[in-house]
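Residue numbers (our numbering): 216 to 410. The beta carbon of each residue, even a glycine, is placed where N, CA and C say it ideally should be. This report refers to the structure that appears directly beneath it.
Laid out in structure tokens, this is it:
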């Protein structure tokens, strides 16, 4: 029996599990919303909430007796990205100054197609999903011309070499440096009469 044994092992050794939680915490604090499996989200929640609480203590103390610096160093020991630590202390911690806890929310999304794992979206409270902004960004992406890959460019070049249809950025129907009309004229005429 596993009495008094907290936390999930997530199928990883200790070092890998800690690195996973640190990386996911960094991503969550940077983007304020990530998608992961439900067990990982449930393990990530207390990890991130503890970091936010440390940042709140540092912000609340101001610079009295160096507590703000100490809190920043404790958070920086878990989050390697300085920009994320700055964002945590400057924007996220003041946002939750009056909130006594519960800084994150876990929403079940569904089943992942590849391995049928239950997927959840974990987000910071107060950074709710705005569907109108997503529609606007989707419209902007649709309006942009689609970038052509190497394969598309090679196919277009082959069409131009064969004298096929014209392409946006290529020469119009040129084959081997001659126009198609010049290539036809250079053929030898057939002899009239005999074989």
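Discussion item. Only counting the same chain, and skipping five residues up and downstream in sequence, which positions put a Cβ closer than 7 Å to that of residue 311?
Written reply: When the five nearest sequence neighbours on each side are left out, the beta carbons in the same chain lying within less than 7 Å of the beta carbon of residue 311 are those of 267, 271 and 318, in order along the chain.
Worksheet item: When DSSP labels each residue in this structure, what does residue 299 get in the three-state scheme?
Response: The three-state reading of DSSP puts residue 299 in helix, counting H, G and I together.
Item to complete: Using a threshold of 8 Å, state whether the C-beta atoms of residue 286 and residue 273 are closer than that.
Response: Yes. Within cutoff.
Fill in: For residue 252: DSSP bridge partner residues
Residue 252 is bridged by DSSP to 334.
Practice prompt. For residue 339, name the three-state secondary structure that DSSP assigns.
Written response: Reduced to three states, the DSSP call for residue 339 is strand.
Worksheet item: For residue 321, which option in 365, 258 and 228 has the closest C-alpha, if you only look at C-alpha atoms?
Response: It is 258 whose Cα lies nearest to the Cα of residue 321.
Item to complete: Please classify residue 385: does DSSP put it in a helix, a strand, or coil?
Response: Caution is warranted here: a pLDDT of 49 is assigned to residue 385, below 50, making its placement in the model unreliable, and no coordinate value can be reported.
Worksheet item: Would a C-beta distance cut-off of 8 Å place residue 240 and residue 294 closer than the cut-off?
Response: Taking 8 Å as the Cβ cut-off, residue 240 and residue 294 qualify as a contacting pair.
Discussion item. According to DSSP, is residue 327 part of a helix, a strand, or is it coil?
Written reply: In the three-state scheme derived from DSSP, where H, G and I count as helix and E and B as strand, residue 327 is classed as coil.
Worksheet item: Helix, strand or coil: which one does DSSP assign to residue 225?
Response: For residue 225, the three-state secondary structure derived from DSSP is coil.
Practice prompt. Verify whether the separation of the beta carbon atoms of residue 262 and residue 225 is less than 8 Å.
Written response: Contact flag unset, no.
Worksheet item: What residues in its chain sit with their C-beta under 6 Å from that of residue 389, if we drop five residues either side in the sequence?
Response: Model confidence at residue 389 stands at a pLDDT of 48, short of 50, so the residue's coordinates are unreliable; what they give is reported in the following sentence. Excluding the 5 residues flanking it on each side, residue 389 has no same chain C-beta neighbour closer than 6 Å.
Worksheet item: Based on the DSSP output, what are the partners of residue 322 in its beta bridges?
Response: Paired residue(s): 336.
Discussion item. Judging by CA-CA distance, which residue of 217, 244 and 255 is the nearest neighbour of residue 332?
Written reply: The residue with the shortest Cα to Cα distance from residue 332 is 255.
Item to complete: Work out the CA separation of residue 335 and residue 248 for me, nearest whole Å.
Response: So the two alpha carbons sit approximately 10 Å from each other.
Item to complete: Determine, using beta carbons only, whether residue 339 and residue 303 come nearer to each other than 8 Å.
Response: No, the pair does not count as a contact, with Cβ atoms beyond the cut-off.
Worksheet entry | Same chain, Cβ closer than 7 Å to residue 291, neighbours up to 5 away in sequence not counted | Answer for residue 291: 300, listed in chain order.
Fill in: Nearest-angstrom Cα separation, counted from residue 283 out to residue 173
This structure does not reach residue 173, given that the chain is present from 216 up to 410, and the question cannot be answered.
Discussion item. What would DSSP say about residue 354, mapped onto helix, strand or coil?
Written reply: Looking at residue 354 - three-state DSSP - the assignment turns out to be helix.
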